[in-house]
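Chains as they are written, first to last, in my numbering: chain A, 1278 to 1451; chain B, -11 to 241; chain C, 4 to 312.
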């Protein structure tokens, strides 16, 4: 029931306020900057498409929810593609040493590479909780709502993710 | 308080400083949003058209009774039909009836069994309930207000006191009927709800014939009853919307 | 094409300290096409459909459309939906056209658009002549057709039909199937039924549901694949027929060509009778096969007994 002009204003201000947050989340989650730009654009297109009334109570959490789902869909399509390639015996395109085999075009920055390695070394489910909790500062119940999981599941994934990362960090200083 | 993951947080913060946002891609995102907006068709009508459509085609059986009761109540006072001393009794009965009819408007949605279908529409049962409670509330309160004004003029009584004597039966009957409607039996059987309304109105007609009720000292109880009634009503509506949200109430079985 | 994704969906009812799982940990996704949801009464089909429509809130799990949770979409999601419930309530004194206008108002369709669509839909479902008749005068088949018409008013992207052919005669069923199969091309159509023939000819994907869980999903070919070689046809004397019926899963039983003979269609992993001949399985056989597999998976009896119940 929303007027076109209102809709445009709402989305434009959402882009101004939250583009960076959404982009960073996608980048940390997927490990790929180009694809993250695409996904971020899709997030705001979805917001526009389904905006029925301006002003969600917690717009940031809503956008993160869409971003997270789009990233999961991205991973799904990636793994389907990988399976297809595997079935054609094109093994050289599959998993490279430990990470999920996503094509990485990260800027050649040491600390970023280091953080990405740490993040990509934990499972997808643990990674999303770690990013949302530490980087975005969301509460556990908000993360549970975004991921559609039980609160206890979210907390245990966080604990395991942190432990795994700390082990790798600790290992570097050993 | 130092958290266990402060070192990881520091890593994120360092990266956030170093990561450059591609402003060209950001502009591209803005542009695509504008293009999409322009292409989106609006097949919905204006708000007024939709409300008009709703009022035109909705089931108006209960609304007719409600309108008749409202007009009846106002005419009762205006035309000097009844002995003004008996007015207290008649006004309380009418007020109770209006309260029952307000709730019946919402209840009638459930009797038809259409709620499951309505819940799947753009304007779902929750919004329909709010819409119906709003217009039936406005109708009832307008009738009550007019009656209060006319009666206070004729009785030469303080308008606030007259208002309280009229509002309390309205609010308490609404609470009773709403409580019945929140039960399974009350929603499936129209007669149960009507009986509750009649019982409440009858109760007030008995109470109204007690002269001690109009003494100044009794005013405190009237105000307390009004406040309590409104409080209970608000809680009941809150609970009603919560169970509407859960959804089982709306389903046919 | 937007996907409708259900992840870890559960619905638990607490009734007098007893928990009943109406739907158990269900994960499935829908893209365009016709999906047939098969299952017996009480399998949880209606509960699942109500959760997809958004009427019931799942106890656990998430439903997303186009990667956005439907709870967040609210009215925007409902405007993409068309729903025909199993028990279809209506105001008896409403005429067909008033009823459709009422629903159009609820679906926030502009009056002019509503008028055009109502006229077109009444033609499509064959009720143009009955437009001004009161709904209380309508037969069961006519009511179902008006139900389909209201579900299509907002040109939905997702069409959910709960037991739409219940109470329809064979001619109405065929007419209904023709309407539905035309719709499946650009939208998601989810159709629940316990009558296999309803979906046999029109569903692109079949989902078999039992006790709240999806025991098998896939195209008809994929569903039938494991059943190949497990369906037998034999003609036996009446006295033997009863024994076979008790010992094996019989999907069809009828009088044979000669008197005193009974023709049986049996679903079994081993050959049930010396005269039995293997035949091509059909969907009904597969339905029975999966039901029994599920049951004996819990009992551990299927393989040991060689396919007997």
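Quick reminder that beta carbons are idealized off the backbone N, C-alpha and C, glycines included.
Give me the chain A residues within the contact set of residue 64(C), using Cβ-Cβ distance strictly less than 8 Å, ordered along the chain.
1425
How many Å lie between residue 1299(A) and residue 1319(A) at the Cα?
11 Å
Could you compute how far the alpha carbon of residue 216(B) sits from the alpha carbon of residue 167(B)?
15 Å
Do residue 129(C) and residue 175(C) have their CB atoms nearer than 7 Å?
no
Can we say the region 111 to 130 of chain B touches the region 60 to 72 of chain C, given the rule of at least three CB pairs closer than 8 Å?
no
Is it true that the region 89 to 100 of chain B meets the region 191 to 208 of chain B, where meeting means three or more beta-carbon pairs spaced less than 8 Å apart?
no
Could you tell me whether the region 11 to 20 of chain C touches the region 131 to 150 of chain C, where touching means 3 or more Cβ pairs closer than 8 Å?
no
From the DSSP output, read off the bridge partner residues of residue 32(C).
8(C)
What residues in its chain sit with their C-beta under 6 Å from that of residue 85(C), if we drop five residues either side in the sequence?
154, 155, 159 and 162
Which residues of the region 61 to 94 of chain C have a Cβ closer than 8 Å to any Cβ of chain A? Give them in chain order.
63, 64, 65, 67, 69, 70, 71, 72, 75, 76, 77, 78, 79 and 80
Anyone know if the C-beta pair for residue 205(C) and residue 33(C) falls short of 7 Å?
no
Round the Cβ separation of residue 109(C) and residue 99(B) to the nearest angstrom and send it over; I've been treating them as touching at under 8 Å.
Rounded, the Cβ-Cβ distance is 17 Å, inconsistent with contact.
Hey, could you find the ends of the beta strand (DSSP E) residue 220(C) is sitting in?
216 to 221
Helix, strand or coil: which one does DSSP assign to residue 176(B)?
helix
Below 8 Å between beta carbons is the criterion; list the residues of the region 1283 to 1301 of chain A that meet it against any residue of chain B, in chain order.
1284, 1285, 1288, 1289, 1292, 1296, 1297, 1300 and 1301
Per the DSSP calculation, residue 237(C) is bridged to which residue(s)?
267(C)
Do residue 35(C) and residue 201(C) come within 7 Å of each other at the CB atom, strictly closer than that value?
no
May I ask you to list the residues that DSSP assigns as paired with residue 186(C)?
Partner(s): none; residue 186(C) has no beta bridge.
Find out if the Cβ-Cβ distance for the pair residue 1399(A), residue 1441(A) is shorter than 7 Å.
yes
Give the single residue among 245(C), 167(C), 240(C) and 251(C) whose Cα lies nearest to the Cα of residue 262(C).
240(C)
Tell me the residue span of the alpha helix (DSSP H) that contains residue 1398(A).
1387 to 1398
Can you find the residues in the same chain that come closer than 6 Å, C-beta to C-beta, to residue 215(C), ignoring five residues on each side of it along the sequence?
24, 25, 26, 27 and 47
Let me know the secondary structure DSSP gives residue 46(B) once reduced to three states.
coil
Bounding residues of the beta strand (DSSP E) (the contiguous stretch that carries residue 255(C)):
252 to 258
Top-ranked residue by Cα proximity to residue 207(B), from 231(B), 220(B), 162(B) and 148(B):
148(B)
Where does residue 92(C) fall in DSSP's three states?
coil
Is there a C-beta anywhere in chain C that falls below 7 Å from the one on residue 78(B)?
no
Compute every distance between the C-beta of residue 1411(A) and the non-hydrogen atoms of the ligand HEM, then say whether any falls below 6 Å.
With respect to small molecules bound, the structure shown includes none, and the ligand HEM cannot be examined in it.
Give the secondary structure of residue 121(B) by DSSP, where H, G and I count as helix, E and B as strand, and everything else as coil.
helix
Beta-carbon within less than 7 Å of residue 181(C)'s beta-carbon, same chain only, minus the 5 sequence neighbours each way: which residues are those?
none
Which residues in chain C sit within 7 Å of residue 46(B), going by Cβ to Cβ distance?
105
Identify whether residue -8(B) lies in helix, strand or coil by the three-state DSSP scheme.
coil
Beta carbon of residue 254(C) nearer than 7 Å to that of residue 287(C)
yes
With distances taken between CB atoms, is the gap from residue 7(C) to residue 211(C) smaller than 7 Å?
no
Which residue comes first and which comes last in the beta strand (DSSP E) that contains residue 165(C)?
161 to 165
Using a Cβ cut-off of 9 Å, which residues of the region 6 to 40 of chain C contact any Cβ in chain A, in chain order?
6, 8, 10 and 11
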